[in-house]
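> Have a look at this one before I ask anything.
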Amino acid sequence: MTALPTVAVLTRHTCVLIDYRTGHTELRTRLPEKRDPLVIVRHETDAGSWGTEEMNAILRTPSKVGSGWILAAIPAAAVTVTVLFCGSRPQRFARMVRLACVGRRFPPATDAQAQQAVHAVRRISALFPARWACLEQSVTAALLLAMVGRRAEWRHGIATDPVRLHAWIEADGCPVEEEPGIDAYTPIYTPDGPAVGPGETLENTVE
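Going by numbering that gives the first Met the number 0, the sequence shown opens with residue 0, and the numbers climb by one from there.
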């Protein structure tokens with residue numbers, strides 16, 4: 000994988016800068032005039048909800064998970080924790096992004112495999128005393144599938160009104176075990192680098 004970029008997401012009202020090397024995020028009113036080379040994603044399809052749209056902040060707890068998947072999720076989570084906390088703090092986010100993409104050359108996971116991976120990771124997440132949110136869970140689920148020789152597409156996306164970020168995995172182009180409100184998020188980073196979804200164009204300022 001090449002060096003992780005800084006992505007600028009331009010909406011009709013804001014500019015969100017995300018440095019995928021450090022995880023540093025800035026909210027600005029416009030694109031900075033002087034900046035290191037950026038990858039620009041224009042996102043102009045956002046529609047204001049005026050505070051009327053709700054989305055669950057807590058993900059659903061799975062009811063049925065294969066014991067084999069749960070057992071395999073334990074070492075996957077251990078690797079994620081090791082990668083997260085071992086090494087320099089400024090590079091923590093970059094390490095997580097790279098870990099999420101380790102299985103990108105494997106055959107695609109089936110819907111059932113991806114669902115079981117996500118369910119297993121969420122089941123063992125209750126055992127962690129520290130923060131274990133969407134980034135950690137999605138990275139662990141992607142790693143778990145890579146451990147069995149399968150790939151699920153890791154996604155990091157943005158939603159507006161208000162501006163918020165989320166990480167998840169997809170199988171066959173569909174988010175795996177996410178709430179209906181996931182449609183509000185536009186992918187901006189994938190295993191292949193910055194993403195472009197419906198309604199956006201991509202512009203790279205690197206000459």
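All C-beta atoms in this analysis are idealised placements derived from N, C-alpha and C, irrespective of residue type, glycine included.
Computed from a predicted structure; not experimentally measured.
State the beta-bridge partners of Val6 as determined by DSSP.
Its beta-bridge partners are Ile17 and Val38.
> State the DSSP-derived secondary structure class of Ala170, mapped to helix, strand or coil.
strand
> Excluding sequence positions up to five away, which residues of its chain have a Cβ less than 7 Å from the Cβ of Val78?
Leu142
> Quick one: what's got a C-beta closer than 7 Å to Glu152's C-beta in the same chain, skipping five residues either side?
Ile168, Glu169, Thr189 and Pro190
> Once the 5 residues before and after Ala75 are set aside, which same chain residues still bring their CB inside 7 Å of it?
If we look at Ala75 and ignore the five residues flanking it on each side, its Cβ neighbours are Thr139, Leu142, Leu143 and Met146.
> Name the two residues that bound the continuous alpha helix (DSSP H) containing Pro74.
Ser66 to Phe84
> For Arg150, which residues from the same chain have a beta carbon less than 7 Å from its beta carbon, with the 5 sequence-adjacent residues on both sides left out?
Excluding sequence neighbours, Arg150 sits near Gly102, Arg103, Phe105, Pro106, Pro107, Ala108 and Leu144.
> Go to Arg27, then tell me how far its beta strand (DSSP E) extends in each direction, as first and last residue.
Thr24 to Arg27
> What does DSSP give as the partner residues of Leu164 in its beta bridges?
Ile157
> For Gln114 and Pro193, I'd like the C-alpha separation in whole angstroms.
Straight-line Cα distance between these residues: approximately 25 Å.
> Relative to the C-alpha of Ile157, which residue among Ala7, Pro186, Val117 and Val6 is closest?
Pro186
> How far does the beta strand (DSSP E) with Ile187 in it reach, from first residue to last?
Thr185 to Thr189
> Taking only three categories from DSSP, how would you classify Pro107?
strand
> Measuring alpha carbon to alpha carbon, tell me which of Gly148, Val162, Ser137 and Glu32 ends up nearest Arg154.
Checking every option, the nearest Cα to that of Arg154 belongs to Ser137.
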